[in-house]
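Engineer: One structure, pasted below without further comment.
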Amino acid sequence: MSALRILVPVKRVIDYAVKPRVNKAQTAIETAGVKHSMNPFDELSIEESVRIREKKSYAGGVEEIIALSIGPPKSVDVLRTAMAMGADRSIFVEVKDGEEVEPLAVGKIIRRLVEKEKINMVMCGKQSIDDDSGQTGQIVAGLMGWGAATQASKVSFGEGGVSVEKEVDGGTETVRSQLPMVITTDLRLNEPRYASLPNIMKAKKKKIDKITAEELGVSLEKRLKTLKVIEPPPRKGGGKVEDVDGMIAKLKELGAI
Amino acid sequence: MASSRSVTASLQRTLVRRNPIRVTTQVSRRCFQTNSILTRPRTGLKCLPQERAFSVSVPRRLADSNDGFDPKSIDRESDEVDVCIIGGGPAGLSAAIRLKQLANEAGNEDFRVLLLEKAGEIGAHILSGAVIEPTAINELIPDWLAEDNESRFEHATPATGDKMRFLTKSSAIPIPAPPQMNNHGNYIVSLNQFTKWLGDSAEEVGVEVYPGFAASEVLYKPDGSVKGVATNDLGISRQGKPKDNFERGMEFHARITLFAEGCHGSLTKRIIKKFDLRSESQPQTYGLGIKEVWEVQPEKFQKGQVVHSLGYPLPADTYGGGWMYHFGDNLVSIGLVVGLDYPNPWLSPYGEFQKMKHHPLYKSVLEGGKCISYGARALNEGGFQSIPKVAFPGGALIGDTAGFLNVPKIKGTHTAMKSGMLAAEATWTALGNTDSGTIFLYDYEDALRKSSIWKELKAVRNMRPSFHSPLKLYGGIMYSGLEAYILRGKVPWTLKHKGTDYAATKPADQCTKIEYEKPDGKISFDILTSVSRTGTNHEEDQPVHLQVKDWEKHAQMEWPKYKGIENRFCPAGVYEYVEDEAKDIGVRFQINAQNCIHCKTCDIKVPDQDINWQTPQGGEGPKYFMT
């Protein structure tokens with residue numbers, strides 16, 4: 001059986017601990033000067049790919065783990081972290097600072113790269129914490145005609161193919177698919193390792209291939225327009241009722257019963 | 001970028017790995033866990049004993065529940081560099097840039113300058129007013145503001161006007177500002193932004209900058225000189241045992257190690273003790289600066305306006321003052337500095353700051369605006385009398401960690417940067433002169449004494465200590481006025497500091513209790529809302545980095561006398577005395593280390609000096625924005 005060639009898309013997003021603020025024009029979240037890091041779900045993807053290689057879970061072995069990022073120039077930081085965690089090399093598709101790329105365009109870029117690099121597994125996060133789209137993995141599978149196992153909490157390889165335990169409302173669901181396939185990662189999959197300093201220093205020597213969307217023949221044209229971004233209204237206090245009769249009266253008042 | 005540790009659910013997994021000694025292949029030993037499986041409940045784990053490599057099996061001791069893997073038994077990877085700098089603030093970065101400038105000029109491109117910074121990115125832990133005097137940056141990067149320089153700093157607001165006020169509860173009396181505080185020619189900046197830009201400049205000249213790695217240990221050579229530093233081990237649990245994602249720290253060996261940790265650095269503390277660097281100077285005294293950044297309504301914004309205030313809300317026996325700087329795009333930096341030698345344990349610097357914002361002078365600007373950032377940091381007030389010896393075998397102290405802040409000017413950035421540059425020049429000369437052997441930077445000590453830093457600190461040395469007289473605040477203002485306008489430090493006497501900050505605290509029953517008003521949510525805020533604005537976070541499952549040997553004993557010692565002073569001096573709500581009927585004093589001491597914003601106040605102010613601030617895992621702590 002052929003070896004796994006895994007593509008791991010990673011995204012540079014606002015750090016999860018930072019309080020996001022809406023910019024003055026109310027069109028987007030303020031990103032200037034704010035701390036950014038790798039999307040936490042993408043860390044899970046890198047970690048899982050590296051574990052598949054280290055644990056030798058797949059009989060054919062892992063030939064290459066390629067990290068991919070589509071974003072502004074600073075996204076190379078995220079690629080360096082991915083390589084420090086264990087990816088072999090990276091591909092960077094640069095877009096202008098401030099320009100947003102929609103999941104469909106991301107999916108199309110990934111499709112081109114999958115064809116170019118002969119990828120047989122795409123492991124991505126289930127969603128990114130800035131736009132929460134949760135679409136990229138599924139779009140890639142749709143474009144490629146591959147199976148997609150989303151919200152994976154466990155991945156294992158066996159005679160019948162790749163078994164994935166997915167998180168669903170009410171528990172987990174196990175699906176099985178043949179390669180090539182797409183897996184999107186969820187929180188219970190693993191606990192990512194720290195990128196240690198020696199590895200970060202070594203990662204500086206690993207390769208980052210730069211390519212543009214035009215070269216891949218993908219247009220970054222946007223199909224969605226963001227009209228307005230506003231903060232959620234502040235939480236209003238609740239009221240207390242004395243007893244069941246009070247509750248029924250209140251519900252009648254609100255027109256609920 | 002160790003971000004999702006606390007986000008991911010902690011279903012522990014045992015991974016059997018081989019080849020653990022060299023960290024090159026990112027594997028760490030797991031087999032030792034079989035010992036602890038017998039004692040700690042884990043969910044569904046199986047470690048296969050036959051795959052354990054003998055060379056790393058831990059000798060079994062019978063029925064020893066603490067048996068486990070000792071992280072210190074693994075060797076650390078090490079790297080040799082020419083100069084290692086601890087701390088990526090203005091001083092550290094200036095020293096790094098200067099060193100690389102000198103090396104590049106001499107054609108030595110391979111000269112390795114390595115800078116370690118505990119914050120996740122450069123600038124994330126930097127907080128200051130700030131109005132900076134451009135003398136040092138003009139010398140380091142002359143075209144830092146030049147229009148034709150592509151990588152110039154774009155966010156400097158020139159200071160336009162100075163206002164000095166004495167506040168009472170409802171009024172603001174104009175008082176003359178001492179000539180030192182004239183800010184003509186200075187710039188209001190967000191020091192956090194400025195440091196980020198300095199970090200980029202450092203990388204451009206070839207400095208190896210590694211944010212996200214905290215130096216936690218100083219390494220010594222057999223002759224007692226400094227060999228270098230080692231970074232933190234990552235992935236240690238709260239009980240001190242290694243976890244699944246354990247990573248051993250790394251060592252850096254350098255002929256010269258420069259410490260630029262900022263005010264009251266944790267490694268600096270140990271070095272000062274070891275080399276007895278304070279034998280000929282007074283102890284350092286400190287202040288705590290708490291600040292917020294507000295976005296105000298355009299009609300209230302006066303770009304470049306610098307306002308300072310004294311008096312309300314602080315009582316006469318407490319040194320301190322407030323500031324308000326208008327900069328950037330409708331942004332206002334507002335804050336309060338409280339001298340940490342305050343005697344009343346009921347005083348809460350955070351509470352005083354919230355009180356100050358309600359004063360008409362400040363409220364009139366803040367009303368209708370939005371608070372976008374909060375933070376706090378201790379700063380040096382010792383000045384000239386407290387400068388320690390700064391050079392020691394194998395290294396030196398630069399910047400605020402030594403303490404060059406000019407208190408009446410309330411500026412320390414330019415002196416910190418200048419000291420970094422002087423140390424860099426001395427290092428370069430010293431490394432060029434000898435090929436091996438321990439280096440002692442005599443040239444740095446010399447250069448300091450001949451420099452502008454020494455001159456300006458000497459001139460203002462008597463102003464801060466004058467606040468210790470029985471006339472307290474008023475005596476201080478009068479004497480400082482005298483010094484500022486007439487004497488200018490040219491007097492034969494040097495006033496001493498009263499003593500250390502922590503010793504100045506009086507017991508709670510001797511002082512009046514201060515009640516603070518509830519925050520209104522519009523101008524003043526509760527402490528947890530403020531802490532959320534710092535973006536701080538720490539991995540929960542790690543050893544508590546605010547080291548107190550015995551929490552019970554601490555509570556029994558401190559509570560009866562000071563009634564919870566830690567809860568009041570911490571600007572992040574880390575320390576709590578929780579009601580607990582089971583304890584005979586009625587309360588239980590609790591440390592919420594996750595909230596820590598690395599201000600170092602606890603290490604300075606705790607009356608019995610039993611809180612030791614040690615650095616947590618790298619990449620954690622606040623993520624300041626525009627501070």
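One line per chain: the protein sequences are S and Z, in this order. Each residue of the first sequence is one higher than the last, beginning at 1 in my numbering. Each residue of the second sequence is one higher than the last, beginning at 1 in my numbering. Heads up, the beta-carbon is just placed ideally off N, CA and C, and yes, glycines get one too. Predicted model, so just to flag it, every value in this text is computed and none were measured.
(1) Classify Z:Q594 as helix, strand or coil using the three-state DSSP reduction.
(2) If you count every other CB in all the chains shown that lies within 10 Å of the CB of S:K166, and 16 or more means buried, which is it?
(3) Check whether the Cβ atoms of Z:P465 and Z:P178 lie closer than 8 Å to each other.
(4) For S:C124, which three-state DSSP category applies?
(5) Under 8 Å, do S:I66 and S:D88 count as touching if we go by C-beta distance?
(6) Would you say S:G33 faces chain Z, with C-beta separation under 8 Å as the test?
(7) If Z:L546 sits next to Z:I591, beta carbons under 8 Å apart, how far is it from one beta carbon to the other, in whole angstroms?
(8) Less than 8 Å between C-beta atoms, sequence neighbours within five positions excluded: which residues of the same chain meet that for Z:N149?
(9) Does the beta-carbon of Z:C31 have 16 or more other beta-carbons within 10 angstroms, so that it is buried, or is it exposed?
(10) Can you give me the C-alpha to C-alpha distance between Z:A215 and Z:H264, rounded to a whole angstrom?
(11) Quick check on this structure: which residue in Z:E117, Z:A424, Z:D446, Z:S94 has the alpha carbon closest to the alpha carbon of S:L197?
(12) Going along the chain, which residues of the segment 524-546 of chain Z sit with their C-beta nearer than 8 Å to a C-beta in chain S?
(13) What are the start and end residues of the beta strand (DSSP E) that includes S:P9?
(14) Let me see if you follow: with CB-CB separation under 8 Å, is S:R53 close to chain Z or not?
(15) Could you pull out every residue in the same chain whose Cβ sits closer than 7 Å to the Cβ of Z:I122, ignoring the five residues on either side in sequence?
(16) In the segment 173-200 of chain S, which residues sit with their C-beta less than 9 Å from some C-beta in chain Z, listed in chain order?
(17) Closer than 8 Å is the cut-off here; do at least three beta carbon pairs connect the segment 5-19 of chain S with the segment 143-151 of chain S?
(18) List, in chain order, every chain Z residue whose beta-carbon is nearer than 8 Å to that of S:K288.
(19) Using a Cβ-Cβ distance cut-off of 8 Å, determine whether S:D15 contacts chain Z.
(20) Threshold first: 4 residues or longer. Then list the alpha helix (DSSP H) segments lying entirely within the segment 170-219 of chain S, N to C.
(21) Quick check: is the beta carbon of Z:R60 nearer than 8 Å to any beta carbon in chain S?
(22) Go ahead and label Z:R449 buried or exposed: buried means 16 or more other beta carbons lie within 10 angstroms of its beta carbon, across all protein chains shown.
(23) Under 8 Å Cβ-Cβ, which residues of chain S neighbour Z:Q193?
(24) Residue ranges of each beta strand (DSSP E) run of no fewer than 3 residues wholly in the segment 393-470 of chain Z, ordered along the chain?
(25) Would you mind reading off the limits of the beta strand (DSSP E) that contains Z:W628?
(26) Can you tell me whether Z:M478 is buried or exposed? The criterion is at least 16 other CB atoms within 10 Å of its CB, across all chains shown.
(27) Let me confirm a value: Z:E566 is counted as buried when at least 16 other C-beta atoms fall within 10 Å, else exposed. Which label applies?
(28) Note down, in chain order, every chain S residue with its Cβ under 8 Å from the Cβ of Z:T157.
(29) Below 8 Å on the Cβ atoms is my contact criterion, and I expect Z:I372 with Z:M626 to pass it. Report the Cβ-Cβ distance as a whole number of Å.
(30) Helix, strand or coil, according to DSSP, for Z:T157 in the structure here?
(31) How far does the beta strand (DSSP E) with Z:E217 in it extend, from its first residue to its last?
(32) Helix, strand or coil for Z:W551, going by three-state DSSP, please let me know.
(33) Where do the ends of the alpha helix (DSSP H) carrying Z:C84 lie?
(34) Along the chain, where does the beta strand (DSSP E) containing Z:K243 start, and where does it finish?
(35) Under 8 Å between C-beta atoms, does Z:Y516 make it to chain S?
(36) Output, in sequence order along the chain, the residues in the segment 214-247 of chain Z whose CB is closer than 9 Å to any CB in chain S.
Structural biologist: Inspection of the coordinates gives the following:
(1) Of the three classes helix, strand and coil, the one that applies to Z:Q594 here is helix, per DSSP.
(2) S:K166 counts as buried, since no fewer than 16 other beta carbons sit within 10 angstroms of its beta carbon.
(3) Against a cut-off of 8 Å, the Cβ pair of Z:P178 and Z:P465 comes out as no contact.
(4) Three-state DSSP puts S:C124 in a strand.
(5) Yes, the Cβ-Cβ distance between S:I66 and S:D88 is below 8 Å.
(6) Chain Z, which has a Cβ nearer than 8 Å to the Cβ of S:G33, makes this yes.
(7) About 5 Å separates the beta carbon of Z:L546 from that of Z:I591, a gap short enough to meet the 8 Å contact definition.
(8) Excluding five sequence positions before and after Z:N149, the CB atoms of its chain that fall closer than 8 Å to its own CB belong to D143, given in chain order.
(9) With a pLDDT of 36 at Z:C31, under the threshold of 50, the modelled position of this residue cannot be trusted, and the question is left open.
(10) One C-alpha to the other measures close to 15 Å.
(11) Taking the Cα of S:L197 as reference, the smallest distance to any Cα among Z:E117, Z:A424, Z:D446, Z:S94 is reached at Z:E117.
(12) Residues of the segment 524-546 of chain Z whose Cβ lies closer than 8 Å to any Cβ of chain S, in chain order: S532, R533, G535, T536, N537.
(13) According to the DSSP assignment, S:P9 belongs to the beta strand (DSSP E) that extends over 4-9.
(14) No, S:R53 does not count as interfacial toward chain Z.
(15) For Z:I122, where only same-chain residues beyond five positions count, the Cβ hits under 7 Å are G88, T195, K196, G199, V209, P211.
(16) When CB distances to chain Z are screened at a threshold of 9 Å, the residues of the segment 173-200 of chain S falling below it are L187, R188, L189, N190, E191, P192, R193, Y194, A195, S196, L197, P198, N199, I200, in chain order.
(17) No, the segment 5-19 of chain S does not touch the segment 143-151 of chain S.
(18) Any property of residue 288 of chain S remains undetermined from this structure, which presents chain S solely from 1 to 257.
(19) It does; some Cβ of chain Z falls within 8 Å.
(20) Counting only runs of 4 or more, we get 197-203.
(21) Model confidence at Z:R60 stands at a pLDDT of 43, short of 50, so the residue's coordinates are unreliable and nothing is read from them.
(22) By the 10 Å Cβ count, Z:R449 comes out exposed.
(23) By Cβ distance, chain S contributes G33.
(24) As far as the segment 393-470 of chain Z is concerned, its whole beta strand (DSSP E) runs of at least 3 residues are 395-397.
(25) Beyond the ends of chain Z as shown, which are 1 and 627, falls residue 628 of chain Z; an answer cannot be given.
(26) So Z:M478 counts as exposed.
(27) So Z:E566 counts as buried.
(28) Around Z:T157, no beta-carbon contact reaches into chain S at under 8 Å, the shortest distance being about 15 Å.
(29) The Cβ separation is near 7 Å, so the contact holds.
(30) Residue state for Z:T157 is assigned as strand, using DSSP reduced to three classes.
(31) Per DSSP, the continuous beta strand (DSSP E) segment holding Z:E217 begins and ends at 215-220.
(32) Z:W551 falls in the helix class under three-state DSSP.
(33) Where Z:C84 is concerned, there is no enclosing alpha helix (DSSP H), although the beta strand (DSSP E) it sits in stretches over 77-86.
(34) 242-247 is the extent of the beta strand (DSSP E) around Z:K243.
(35) So no, Z:Y516 is outside the interface.
(36) Those would be T231, L234, G235, K243, D244, N245, F246, E247, in chain order.
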